[in-house]
Amino acid sequence: MDFQTNLKEMYKYFTEINKKIYLIQWEYKDRFAVRETVPSNNLSTADRVFTIEELKQYDGSNNNPAYVAVDGIVYDVTLVAGWGGGTHFGVKAGTDATEQYYKCHGLTYAVNKLPKIGVLQK
0 MDFQTNLKEM
10 YKYFTEINKK
20 IYLIQWEYKD
30 RFAVRETVPS
40 NNLSTADRVF
50 TIEELKQYDG
60 SNNNPAYVAV
70 DGIVYDVTLV
80 AGWGGGTHFG
90 VKAGTDATEQ
100 YYKCHGLTYA
110 VNKLPKIGVL
120 QK
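Counted from 1, the sequence shown has number 62 at position 63 by numbering that gives the first Met the number 0; the numbering is strictly sequential.
Right, dumping it as structure tokens:
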């Protein structure tokens, strides 16, 4: 096997392992206290409460801001390059993207770097 073929096979192997790890993390996320909901910039009691219908208005279209909810917190993704046009790898702004977030990012805290706008009404 030449180097290029070997490298491609290794990449495919590690990609499959990475997918399995994320699926396992997602499946057992509620059993472990690994995930924290401690935000980097805390919400105050005066923050806006969004219904799912209100959140749908903030889909990034027609010069509207792009907001997305994860774990009940609404984040502003308007200025995030990866959310250009109101979508990010098939996930649309203006939605509760909790499930998609954890399927993609696992148990990371990447979302805590985003500006928090409010909370999603349960």
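Just so it is clear, CB atoms sit at the ideal spot from N, CA and C, and this is done for glycine as well.
Buried or exposed for residue 39, please, with buried defined as at least 16 other CB atoms from any protein chain shown within 10 angstroms of its CB.
The residue given as residue 39 occupies position 40 in the sequence shown. For residue 39, the predicted structure reports a pLDDT of 43, less than 50, and the residue's modelled location is therefore unreliable. A value from the coordinates is still provided. Exposed, because fewer than 16 other Cβ atoms sit within 10 Å of the Cβ of residue 39.
According to DSSP, is residue 112 part of a helix, a strand, or is it coil?
In the sequence shown, counting from the first residue as 1, residue 112 sits at position 113. It is helical.
Shortest alpha-carbon distance to residue 117 belongs to which of 108, 83, 10, 54?
Taking the first residue of the sequence shown as 1, we reach residue 117 at position 118. When each option's Cα is compared against that of residue 117, the closest is 54.
Under 8 angstroms Cβ to Cβ from residue 47, same chain only, skipping five residues before and after it: list those, please.
Counting from one through the sequence shown, the residue named residue 47 turns up at place 48. Hits under 8 angstroms: 73, 116, 117, 118.
Our contact map puts residue 80 next to residue 57 with C-beta atoms below 8 angstroms; I'd like the distance itself, whole angstroms only.
Locating residue 80 in the sequence shown gives position 81, where the first residue counts as 1. Locating residue 57 in the sequence shown gives position 58, where the first residue counts as 1. Going by Cβ atoms, the distance from residue 80 to residue 57 rounds to 18 angstroms, so no, they are not a contact pair.
Keeping to the same chain, check which residues put their C-beta closer than 7 angstroms to that of residue 114; ignore five residues upstream and five downstream.
Here the question's residue 114 lines up with position 115 in the sequence shown. Closer than 7 angstroms at Cβ, skipping near neighbours: 74, 75.
Can you give me the C-alpha to C-alpha distance between residue 11 and residue 112, rounded to a whole angstrom?
The sequence position of residue 11 within the sequence shown is 12, counting from 1. The sequence position of residue 112 within the sequence shown is 113, counting from 1. Approximately 30 angstroms, taken between the alpha carbons.
Note down the Cα distance separating residue 95 from residue 105, rounded to an integer number of angstroms.
Locating residue 95 in the sequence shown gives position 96, where the first residue counts as 1. Locating residue 105 in the sequence shown gives position 106, where the first residue counts as 1. Going by the C-alpha atoms only, they are around 16 angstroms apart.
Once you ignore the five residues that flank residue 45 on each side, which residues in its own chain have a CB closer than 8 angstroms to its CB?
In the sequence shown, counting from the first residue as 1, residue 45 sits at position 46. With a pLDDT of 49 at residue 45, under the threshold of 50, the modelled position of that residue is not reliable, and the figure given next carries that caveat. Within the same chain, residue 45 has no close Cβ partners at all.
DSSP has residue 72 in a bridge; who is on the other side?
For the purposes of this step, residue 72 is taken as residue 73 along the sequence shown, with counting starting at 1. DSSP lists 69, 118 as partners of residue 72.
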